[in-house]
Amino acid sequence: MLIYCLKMKKPMKHAQLALILVFGMILSLSSVSVAQEGTNGGTNGGTSEPAPSEPVPAPAPIEPVSQPAPATEPLPAAEPKPAIQPVTPICREVPRPQCPIGEEAVPSIDGSSGCVTGYTCQAAGFTPDQGEFPVKPLTPPGKTCPASVTCSEGSSVACRLDSAGICGCDACPVSAERIPQGCRQELDPAGFTRVVCEGTQQCPQLPDIRDAKAMCEQKGGRFNEFFDSRGCRVHDCSFGQSFVATTPQVVPFATTENVLCPSQEEIRKMKIELFDSCKSLGQPLTFKAENGCRIPACGGGGEISQEGPRCSAVAESHRNPEARDQTAQACSSSGGRPFKNFDPQGCPFVDCAREHTDTPSQFCPQDVPPDSYDSCGMKGGELVIKRDQNGCVVFSQCVTKDGYKGSRYVKPIEEIPDETQLLQLAFKLESLKIQLNDLKNQALDIARYWKSHGEEGDANRFELVAAKFDAAQTRVDEAKSILREIVGREQINENDLLEAREEIGKVKGDLKGILYIMLSTDENLKAEIEDDRGGECKENTECFDEAWQFCKSGFTFEPEGSRGPIVTLKGTEEVASGDVRCVLEASITEGRDGPPPEMLRQLGLSYPLSMECKFPLAIDFAREGPSQEQLKTYCSGPMLELMEKFGGPGGNGGPGVPGKCSGDECRNYCPSSAEAAKECLEHLGPYLPPEAKSGLERIASGQGFGPVGPSPEDIQRFNRFERPGEFEGGFQQPGGEFGQPSFPQQRFPPPDQFGQGEFGQPQGFQQFPPPQGFQEPGFPQPGEFEEEFGGGFEEFR
Amino acid sequence: MKKMKLVLLVALIGLVVLGAGCVGQQGDQSTIRSDAEVSERVTDIGEQVSDISNAVEDVDTSLG
Chain A
9 MLIYCLKMKK PMKHAQLALI LVFGMILSLS SVSVAQEGTN GGTNGGTSEP
59 APSEPVPAPA PIEPVSQPAP ATEPLPAAEP KPAIQPVTPI CREVPRPQCP
109 IGEEAVPSID GSSGCVTGYT CQAAGFTPDQ GEFPVKPLTP PGKTCPASVT
159 CSEGSSVACR LDSAGICGCD ACPVSAERIP QGCRQELDPA GFTRVVCEGT
209 QQCPQLPDIR DAKAMCEQKG GRFNEFFDSR GCRVHDCSFG QSFVATTPQV
259 VPFATTENVL CPSQEEIRKM KIELFDSCKS LGQPLTFKAE NGCRIPACGG
309 GGEISQEGPR CSAVAESHRN PEARDQTAQA CSSSGGRPFK NFDPQGCPFV
359 DCAREHTDTP SQFCPQDVPP DSYDSCGMKG GELVIKRDQN GCVVFSQCVT
409 KDGYKGSRYV KPIEEIPDET QLLQLAFKLE SLKIQLNDLK NQALDIARYW
459 KSHGEEGDAN RFELVAAKFD AAQTRVDEAK SILREIVGRE QINENDLLEA
509 REEIGKVKGD LKGILYIMLS TDENLKAEIE DDRGGECKEN TECFDEAWQF
559 CKSGFTFEPE GSRGPIVTLK GTEEVASGDV RCVLEASITE GRDGPPPEML
609 RQLGLSYPLS MECKFPLAID FAREGPSQEQ LKTYCSGPML ELMEKFGGPG
659 GNGGPGVPGK CSGDECRNYC PSSAEAAKEC LEHLGPYLPP EAKSGLERIA
709 SGQGFGPVGP SPEDIQRFNR FERPGEFEGG FQQPGGEFGQ PSFPQQRFPP
759 PDQFGQGEFG QPQGFQQFPP PQGFQEPGFP QPGEFEEEFG GGFEEFR
Chain B
-13 MKKMKLVLLV ALIGLVVLGA GCVGQQGDQS TIRSDAEVSE RVTDIGEQVS
37 DISNAVEDVD TSLG
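Taken in order, these protein sequences are the chains called A and B.
Counted the way the working numbering counts, the first sequence spans residues 9 to 805.
Counted the way the working numbering counts, the second sequence spans residues -13 to 50.
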């Protein structure tokens, strides 16, 4: 290229030179890329993703010591190779040492060549440096794979070594007597055995609900009855109250900005007062989330007790990788053989086989304890089991659909931790965040594998798993930030700790959800995640919350009713940052409660108005809705543009009369005088629907303006109260004149927002129906006006 | 000379398109090579999720 350039007689123009240089750079980059692909065998050609954990197995698991141990290093070219093996370089032969009983020679493999560089004797089947349980099912390159294994119930299943050098065996069936009544078993081609129980869930017996309600109300509480995360009917008694402040909303779905939570002092006082009350109600004192606040309640005992581990003391201590490591070392040094075992509750722990044996059944569990089948059946779950090529159980997990949202209750703070403890927790959360990020990348890697094999359904499933890891990571980060903020304060606020605990509770839910999505074979979930079956939730928040948790494509939601916008889920998507988001579309069509078409035309927009959002699953969309900042960050489209113009994120509060009124203020200003009406017509005319415009025109011309102000007909015409009776319960803040809303509070326009539509437009531009009790016929007399609306009438005289 | 420039330009555009395609494809590539490996990864993720659940439970308890 350079020679070509030098040979040119005429000096090149800048553009030509630039083109050639770019060409040259691309050529050199391409050659580097090709070279790189060559070195890694083209399997991981320069992906920009952080490398997931190395799939090539290195040291190794639990082969019986007496099993013939073939050379772990790649064989020289002259020797016969195993059936399907990846191409490997020629390596120097390294002698395998003789290890003491209970230990095995674990090879050290050179990362670049894949050659064995040496051996160390380690406890058989245990890899302490990884902090994992001993039994690892991976078969290192060169190791043999048995033709079949004998299952615990006597049958024999086939095993095979695949092209990646991994030995996989068919799933072993569970003996019929172990399967609880009403459950069935499924054998998965991937080697998982599932005992699926449906309709076998047992809910706790509740005391007479009338007694519970009466007792609750006697204590001054609010009685609530509902279905908990397990699907069981439960009740609680809550105290205190949170309020959603009446900030005008301009987003097309409700948000809970400016929530007023009980103060720290109120919480502390209620905690002391309620402790005995809850005891007498037979429920623990807890806190539950309400509008983003934490409200004291007596309830949630079932959910909270479910969360805690019920493992044996040994298994409990072995939750810590260091403790497992120590046990394994102690076992090996005393001549035993450490292995993964399960306690009667099915919790794993490191056990020690004292005598050396070649029979797998004597050094590893061939089945999980019988109680595990029953306890999982009682939860209505699926017990997922996997065995390795020795028939040893290496994985056991009871997955249930319930609990994926996390408990709505949190335990009260009994003793506030000191600063050092809080810092330690913050560091621990940071470490968890890193682990969750690694797992997210691993899930994405699996999704990409299925996508490249045309398995869109499985790809969607693992993209969703990645999205859930992403959500858990965000929440862990949130909890960590809360703790870090607390440290250094003069006084640690208990409410902040409860907030951190609430986030932690949601992480627990995310992790349960991940296991369920990843391991369950539930046909409904499969259809909804994999086949885009979709469904209509209409205004049902519970329905949409579930759809949102799994980002079920095709599910629709109308958060503001049949006249508001429609939200449609579109499934998950990996975005450029490497995160996985849930895609949704919000749209509003003509005829629904959007801005008048004339106004849109003025702005160069038209119906249907829509926007596309790619939200992280950490946003509690169905219950709290996205914040304005989140809308701005994650959404795009004409609907967002409109919101930004009129009161949305960074918006100017809606059209108005400069220096006089803007947005909702114009509702009062415009009909207040003929002069005002003229100004409004001048500035707002293009945005007004014909009827509102004609009302203002009459006022401006003096026709509709009598001695006491504008005529009621003209006011009405401007405000367009056309659909009386639509609001059934009316609305008002507690203690107000119209009583409690009949719709969920957060979905309902607050009182001072009445007359302001979803887009923050003045009432004259909207078609909000009147609250019950609005005196439509006749204009109120001066005294009545003042009494009812708090003054303002006098100025019309 | 003009012909040469044209050829060069076409080659350049072709390379850019090819390069962009390669980059896009590389980003979508998985490091996993077989269904059995997927099964191992799933087991491994399941194990790690259990460990993380335990750690999260510990944090919850330590909050007081």
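Yeah, the Cβ is synthetic: ideal placement off N, Cα and C, and Gly gets one too.
Contact check for G207/A against G190/A passes: the beta carbons are separated by less than 8 Å.
Between the region 528 to 535 of chain A and the region 564 to 580 of chain A there are fewer than three C-beta pairs closer than 8 Å, too few to call the two in contact.
Under DSSP, M619/A shares a beta bridge with A594/A.
For L289/A, the secondary structure class from DSSP, reduced to helix, strand or coil, is coil.
Taking C-beta atoms as the reference points, G32/B and F477/A fail to come closer than 8 Å.
One thing to note: T29/B has its Cβ no nearer than 8 Å to the Cβ of K279/A. Within chain A, no residue has its CB atom less than 7 Å from the CB of V(-7)/B, the nearest being about 11 Å off. Take P373/A, set aside five residues on each side of it, and the residues of its chain with a beta-carbon closer than 7 Å to its own are N349, F350, C400 and V401, in chain order. Between T549/A and R456/A, the gap from beta carbon to beta carbon reaches 8 Å or more. Spatial neighbours of T408/A in its own chain (CB-CB distance under 6 Å, excluding positions within 5 residues in sequence) are listed in chain order as K387 and G389.
Contact annotation: in the region 540 to 554 of chain A, no residue has its CB less than 7 Å from a CB in chain B.
Counting the other CB atoms within 10 Å of its CB gives A222/A a total below 16, which places it among the exposed residues.
At a cut-off of 8 Å between beta-carbon atoms, V495/A makes no contact with chain B. Residue contact check for E423/A against chain B: a CB pair falls below 8 Å. Taking the Cα of R241/A as reference, the smallest distance to any Cα among C224/A, S271/A, Q210/A and D219/A is reached at Q210/A. Interface flag for V35/B against chain A is set, since a Cβ pair is found closer than 8 Å. Residue contact check for Y524/A against chain B: no CB pair falls below 8 Å.
With 16 or more other CB atoms across the displayed protein chains lying within 10 angstroms of its CB, E554/A is buried. P329/A and N40/B have their C-alpha atoms some 11 Å from each other. Beta-carbon to beta-carbon, C180/A and S156/A are separated by about 11 Å, too far to satisfy the 8 Å threshold.
Close CB contacts of C621/A within its chain, under the 6 Å cut and outside five residues either way in sequence, are with L592, Y642 and C643 (chain order).
Classified as buried, E26/B has 16 or more neighbouring CB atoms from the shown chains inside 10 Å of its CB. The beta carbons of C559/A and L625/A sit about 7 Å from each other, so the pair counts as a contact at 8 Å. A Cβ of chain B is located within less than 8 Å of the beta carbon of F403/A. When DSSP reads this structure, Q193/A sits in a beta bridge with V203/A. Taking 8 Å as the CB threshold, A508/A lines the interface with chain B. Annotation note: the region 526 to 565 of chain A contains the following uninterrupted alpha helix (DSSP H) runs of length 4 or greater, listed N- to C-terminal: 531 to 538 and 549 to 557. Interface annotation, G50/B: in contact with chain A, CB-CB separation under 8 Å. Closest in C-alpha terms to G586/A, from the list S288/A, R469/A, M651/A and D453/A, comes D453/A. Classified as buried, L391/A has 16 or more neighbouring CB atoms from the shown chains inside 10 Å of its CB. Here the alpha carbons of E538/A and P346/A stand approximately 41 Å from one another. Contact annotation: F235/A and H243/A have beta-carbon atoms that are not nearer than 8 Å. Contact with chain A is absent for G0/B, since none of that chain's Cβ atoms lies less than 8 Å from the residue's Cβ.
At a cut-off of 8 Å, the C-beta of V588/A has no neighbouring C-beta in chain B. Contact of S171/A with chain B is assigned, a C-beta pair being separated by under 8 Å. Within its own chain, the residues whose Cβ lies closer than 6 Å to the Cβ of E511/A, once the five positions on either side in sequence are excluded, are R483, E486 and A487, listed in chain order.
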